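Read through the structure below, which is laid out as structure tokens, and then see the notes.
In our numbering, the protein residues as written are 4 to 197.
Here it is in structure tokens:
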């Protein structure tokens, strides 16, 4: 325990207090909308800090995202699956850096990129999507906050941009599961004799 400058016992301001455990603030799904102006102002710094390390983010994302049952034992299929997952992860990260939250991007996140990245059934994708999104959120937050700055307002804008984009991506994944389960089944096509 630290002592006072003259060595007369513990300093009052440095006495340990019980640690307060706070819950982790997980990202909540958000409905599609345009990015707020403050988030748009944070995009250049996001690109500046994250773009140089996209390849390492892709490797980490592919390694942690894959559903264990979706990898085959065949080496050729494994290489093909990993390449497909790397492409999907790269496209998704590029969309995040661009601040893309348009309908086509949200559809790609929910139906193309995250399913290709995770593999497995729709339920597996929905179950692991939040984990993937939180991984990307944490990685990007660490990259943005890695340097000490005199003014933290640009970093706050960048963190707001990350949260706004990823909340809409999470909303697209969560929403895609409810839309597909409530959709009316299509009628079987009439058989045409040949």
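Ideal Cβ positions, reconstructed from N, Cα and C, are used throughout, including at glycine. Quick caveat: nothing in here was measured; it's all calculated off a predicted structure.
Alpha carbon to alpha carbon, what distance is there between residue j and residue i?
i           : j           : result
residue 36  : residue 145 : 26 Å
residue 175 : residue 117 : 11 Å
residue 34  : residue 150 : 32 Å
residue 29  : residue 81  : 32 Å
residue 66  : residue 152 : 32 Å
residue 147 : residue 166 : 13 Å
residue 49  : residue 40  : 15 Å
residue 25  : residue 132 : 24 Å
residue 32  : residue 177 : 7 Å
residue 84  : residue 161 : 33 Å
residue 90  : residue 45  : 26 Å
residue 94  : residue 163 : 21 Å
residue 27  : residue 172 : 20 Å
residue 23  : residue 141 : 22 Å
residue 188 : residue 55  : Any reading at residue 188 is ruled out, since the residue's pLDDT is 39, under 50, leaving its predicted position unreliable.
residue 98  : residue 21  : 43 Å
residue 58  : residue 86  : 13 Å
residue 205 : residue 115 : This structure cannot speak to residue 205, because the chain is shown only from 4 to 197.
residue 179 : residue 134 : 17 Å
Please look up how many angstroms separate the CB atoms of residue i and residue j, rounded, as I've assumed it's under 8 Å.
i           : j           : result
residue 69  : residue 121 : 7 Å
residue 102 : residue 43  : 7 Å
residue 2   : residue 88  : One cannot answer for residue 2 here, as it falls past the ends of the chain, which runs 4 to 197.
Nearest to residue i by alpha carbon, out of the options?
i           : options              : result
residue 100 : 47, 179 and 25       : 47
residue 136 : 107, 63 and 87       : 63
residue 52  : 98, 143 and 109      : 143
residue 139 : 108, 168 and 106     : 168
residue 38  : 179, 55, 134 and 106 : 106
Inter-stretch contact (C-beta, 8 Å, three-pair minimum) for the stretch 153-163 and the stretch 114-133: no
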